[in-house]
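Data first, discussion second: the structure below is written as structure tokens.
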Amino acid sequence: MAGKNLQTATVGGGCFWCTEAVFEAVAGVENVVSGYTAGDAPGRPTYREVCSGLSGFAEVVKVTFDANVISYEDILIIFMTTHDPTSLNKQGADRGTQYRSVIYYHNEKQKEIAEAVFEGLKPYYDKPIVTELSKSEIFYEAEKEHQDFYKNNPNFGYCSFVIDPKLAKLRKLHSDKLKNGQVH
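Note that the sequence shown covers residues 381 to 564 in the numbering used here.
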């Protein structure tokens with residue numbers, strides 16, 4: 381078998397706890413790190429600053445994946461179908477630009493693939509896709525307590541009411557792309 385072909389995808393689809401939990405279950409994903417990017421405020425942001433909605437930063441995850449196992453296109457399709465890409469600056473009860481739906485591309489090929497995914501998914505939504513497509517910027521890793529949040533806090537109310545339904549949707553739509561064919 382050939383060596384790994386590690387690539388990076390950076391996406392934001394509301395609270396990073398949700399997006400992280402989804403990608404941690406996907407086969408070919410080597411690492412998922414929750415963090416912040418694309419802010420207006422100088423320096424490393426804190427969770428409190430980002431949650432205020434005043435920093436301009438988005439909650440995102442940086443996904444390291446093996447392109448020999450899963451394609452960037454499949455990563456984006458999973459992303460776009462496990463959150464609401466037609467909802468501007470909100471996902472469920474989470475509201476504000478810090479929860480925007482966004483893909484930060486790392487090169488022109490990723491940008492082209494994202495544009496093709498948008499076009500391919502348009503017919504499946506009743507409303508226009510509002511997911512932002514922007515060049516990747518400096519990524520700041522979130523505080524330790526935000527990493528592996530779902531795995532470390534499965535009984536936390538937010539996990540039960542918000543993340544569990546997203547994982548059920550992942551199982552329903554993408555069971556063939558999961559690690560060992562299952563999610564938590």
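All residues carry an ideal CB built from backbone N, CA and C; glycine is no exception.
- Inclusion of residue 404 and residue 412 in the CB contact set at 7 Å is warranted, their separation being smaller than that value.
- Separation of the CB atoms of residue 418 and residue 517 is rounded to 5 Å, and the pair is thereby assigned contact status at 8 Å.
- A direct Cα-to-Cα measurement between residue 426 and residue 530 gives close to 20 Å.
- DSSP places residue 434 in the coil class of the three-state scheme, outside both helix and strand.
- With 16 or more other CB atoms across the displayed protein chains lying within 10 angstroms of its CB, residue 465 is buried.
- Remark: C-beta atoms of residue 407 and residue 559 approach each other more closely than 7 Å.
- If you draw a straight line from the Cα of residue 500 to the Cα of residue 456, it is about 11 Å long.
- Rounded to whole angstroms, the separation of the alpha carbons of residue 543 and residue 401 is 7 Å.
- Straight across, the Cα-Cα distance linking residue 496 with residue 452 is about 12 Å.
- Residue pairing by DSSP places residue 470 opposite 475 in a beta bridge.
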